[in-house]
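Enquirer: Just dropping this structure here.
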Amino acid sequence: MRIATWNVNSLKARLPRVEEWLADVQPDVLCMQETKLADDAFPALTFSSLGYECAHHGQGQWNGVAILSRVGLTDVVANFADGGEPDPDARIITAVCEGVRVSSVYVPNGRSLDHEHYQYKLRWMAQLRRHVAALATPSDQVVVAGDFNIAPTDEDVYDPRKFIGATHVSPEERAELAALCDWGMEDLFRRHHPEDRIYSWWDYRAGDFHQ
Numbered sequence: 087m088r089i090a091t092w093n094v095n096s097l098k099a100r101l102p103r104v105e106e107w108l109a110d111v112q113p114d115v116l117c118m119q120e121t122k123l124a125d126d127a128f129p130a131l132t133f134s135s136l137g138y139e140c141a142h143h144g145q146g147q148w149n150g151v152a153i154l155s156r157v158g159l160t161d162v163v164a165n166f167a168d169g170g171e172p173d174p175d176a177r178i179i180t181a182v183c184e185g186v187r188v189s190s191v192y193v194p195n196g197r198s199l200d201h202e203h204y205q206y207k208l209r210w211m212a213q214l215r216r217h218v219a220a221l222a223t224p225s226d227q228v229v230v231a232g233d234f235n236i237a238p239t240d241e242d243v244y245d246p247r248k249f250i251g252a253t254h255v256s257p258e259e260r261a262e263l264a265a266l267c268d269w270g271m272e273d274l275f276r277r278h279h280p281e282d283r284i285y286s287w288w289d290y291r292a293g294d295f296h297q
């Protein structure tokens, strides 16, 4: 099974590109983040024409997560399933795709270490771990994919010096992500690229992508 994840940063703006990519690559499952659409505006018919079932948890112009699958889509859960307080933001959706329980997540950014949003991020990660444990055991087939807004190690950052004292690399954030792995998960990127310094995000606002 091939499972892909993509922060589309507005599905309305990226839809033609997503359609083209799906037709070309044909993944079995695609997790999307930052769809920035309400549920009734999600282009389910477009994806259905490409052979994909859809599950979307939207919030209008903010956040929004989705799972597309061409291998079945059942047991859909929008939001957390740990019995705690539901997240007011649309940041997580989970479904079973051909026996694999897949979650598409958009972890809060955190903004800055002294911001309430940072504490929200840490609570969110802890609740994500409880959510996974409520729906599965470590021996089950589970994939949590998406935009984590956390660099697990300095090897995952092009220039760690730029991030000193910033979010995404703090010990607390990394500890929460490590705790999720300790539950019984693994960083699949590092399994296949144990020493490679490959990056998936550049700050286009600062011109880093072009550099």
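The numbering used here puts the first residue of the sequence shown at 87, with every later residue one more than the last. C-beta: ideal position from N, C-alpha, C; glycine also. None of the values given here were measured: they were computed from a predicted structure.
DSSP on A231, reduced to helix/strand/coil?
Expert: strand
Enquirer: Could you spell out where the alpha helix (DSSP H) holding A90 opens and where it closes?
Expert: Here A90 belongs to no alpha helix (DSSP H); instead the beta strand (DSSP E) covers 89 to 93.
Enquirer: With DSSP as the reference, label V193 as helix, strand or coil.
Expert: Looking at V193 - three-state DSSP - the assignment turns out to be coil, as it is neither helix nor strand.
Enquirer: Any idea if P194 is buried or exposed, counting beta-carbon neighbours within 10 angstroms, 16 or more meaning buried?
Expert: buried
Enquirer: Using beta-carbon positions only, say whether A220 and A181 come within less than 8 Å of one another.
Expert: no
Enquirer: For L263, write down the residues that DSSP places opposite it in a beta bridge.
Expert: According to DSSP, L263 bridges with nothing at all.
Enquirer: If the criterion is Cβ atoms closer than 8 Å, does the pair Y192 and D233 meet it?
Expert: yes
Enquirer: Mapping DSSP to helix, strand and coil, what is Q297?
Expert: Any reading at Q297 must be qualified, since the residue scores a pLDDT of 46, below 50, and its modelled position is unreliable; the value itself is stated next. Here Q297 sits in coil by DSSP.
Enquirer: Name the two residues that bound the continuous alpha helix (DSSP H) containing H142.
Expert: H142 -> not in any alpha helix (DSSP H); beta strand (DSSP E) instead, spanning 139 to 143.
Enquirer: Three-state secondary structure (DSSP) at T121?
Expert: coil
Enquirer: What first and last residue would you give for the alpha helix (DSSP H) that runs through D161?
Expert: No alpha helix (DSSP H) contains D161, which is instead part of the beta strand (DSSP E) from 160 to 164.
Enquirer: Quick check: the region 259 to 279 against the region 206 to 214, are there 3 or more CB pairs under 8 Å?
Expert: As far as the Cβ criterion goes, the region 259 to 279 touches the region 206 to 214, which means the pair count is three or higher.
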